[in-house]
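Read in order, the letters of the sequence shown correspond to residues -20 to -1, 1 to 162 in mature numbering (1 follows the signal peptide of the UniProt record, and there is no 0).
Don't be surprised by glycine CBs; every beta carbon is placed ideally from N, CA and C.
Notes to accompany the following structure.
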Amino acid sequence: MMKKYLCLLPLLLLCLTANAQGSAIAAFNLKQAETLKFGMLALGIWALINILISSIKLTKSSRNKRFFFQMNIYWNIVNVIIAGGSLYYILSVDPGARTLPESVEFHFWTLKLLYLSIGLDLAFLMLAAYLKERSLSSPKAEQYLGYGQSITLQALFLLVLDITLVALLEGRADQLLPLIQG
C-alpha cells in the first residue's frame, strides 16, 4: 500500500516546485507593476503641476518666460497622455497572471522602452542647447530661449525619472534568472 503512494511523491514535489515558482513570478510581476505605477504617478503629478503653474504664470509673463510656460504646457499635455495611458494599462492587467515567458518578455520590453526614452531625453537636451544657441542670433530669440529653457527642465526631469526606473527594474532582473533556470 505504501509503495502505491510513494510513486506519487515525485509528482507532489513537482507540483509544489511549480507552485513556488508561480508565486515567485507573481511576486516579481507585482513588484515590477508597483515600480512602473510609481513612475507613471510621478510623471502624471509632475505634468499636472506643470500645466497648472504654467497656465497661471503664462497669463502674467512676457518675453521668453511666456514661451517657457507655453512649452511647459504643450510638453506636459503629452506627459499626461503617456502617464494616463500607462497607468490604465498597469492597473487593468493582472501582473500576477503572467507566465514566466510573458514576464521575461514584458520586463525586457519595458527596459528597452526606458533605454529608448533615456536616448530621447538626451536628444531633447541637445535640442534645448541648440535652441539656446540659436536664440543668440535669431529674430525669434525670445521664443527659442524660452522653448530651450523649458525643454531643458522637462528633459532633465524625464532623464532622472527614466534612470531611476531603469535602476529599479535592472536591480530586480537578477530575480528572474533563478526562475528561468529553475
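Contact check, residue i vs residue j, beta carbons under 8 Å
i: Ser115; j: Leu105; result: no
i: Gln134; j: Phe8; result: no
i: Ile62; j: Leu23; result: yes
i: Leu107; j: Ile131; result: yes
i: Tyr110; j: Met51; result: no
i: Ala13; j: Pro75; result: yes
Cβ distance (whole Å) where residue i is taken to contact residue j below 8 Å
i: Ile31; j: Ile5; result: 38 Å between Cβ atoms; not a contact.
i: Phe49; j: Gln129; result: With 8 Å as the limit, Phe49 and Gln129 do not qualify as a contact, their Cβ atoms being about 10 Å apart.
i: residue 168; j: Leu91; result: Residue 168 is absent from the structure shown; the chain starts at -20 and stops at 162.
i: Tyr69; j: Val146; result: No, Tyr69 and Val146 are not in contact; Cβ-Cβ is about 19 Å, not under 8 Å.
i: Glu122; j: Asn44; result: 4 Å
i: Arg78; j: Phe86; result: 7 Å
Residue i versus residue j: straight-line alpha-carbon distance, rounded
i: Gly99; j: Thr144; result: 14 Å
i: Ser3; j: Leu67; result: 24 Å
i: Pro119; j: Gly151; result: 49 Å
i: Lys11; j: Leu80; result: 15 Å
i: Gly65; j: Phe137; result: 19 Å
i: Lys37; j: Tyr54; result: 14 Å
i: Phe18; j: Ala27; result: 14 Å
i: Val84; j: Ile25; result: 29 Å
i: Lys112; j: Ile33; result: 23 Å
i: Lys40; j: Met20; result: 30 Å
i: Ser97; j: Ser117; result: 31 Å
i: Ser16; j: Leu71; result: At residue 16 the sequence reads Leu, which differs from the Ser that was named. Taking the straight line from one Cα to the other gives about 10 Å.
i: Ser35; j: Val73; result: 34 Å
i: Ser42; j: Ile29; result: 21 Å
i: Leu(-15); j: Pro158; result: Note that Leu(-15) scores 45 on pLDDT, short of 50, meaning its location in the model is unreliable; the coordinates nonetheless yield the value given after this. Those two C-alpha atoms are separated by around 29 Å.
i: Arg46; j: Leu139; result: 24 Å
Contact test: residue i Cβ vs the ligand HEM heavy atom, cutoff 7 Å
i: Leu10; result: Questions concerning the ligand HEM fall outside what the structure shown contains, since it holds no ligand whatsoever.
Please give me, in chain order, every unbroken run of the alpha helix (DSSP H) with length at least 4 that falls completely inside the segment 93 to 124. As summarised for the segment 93 to 124, there are no continuous alpha helix (DSSP H) elements at least 4 residues long confined to that stretch.
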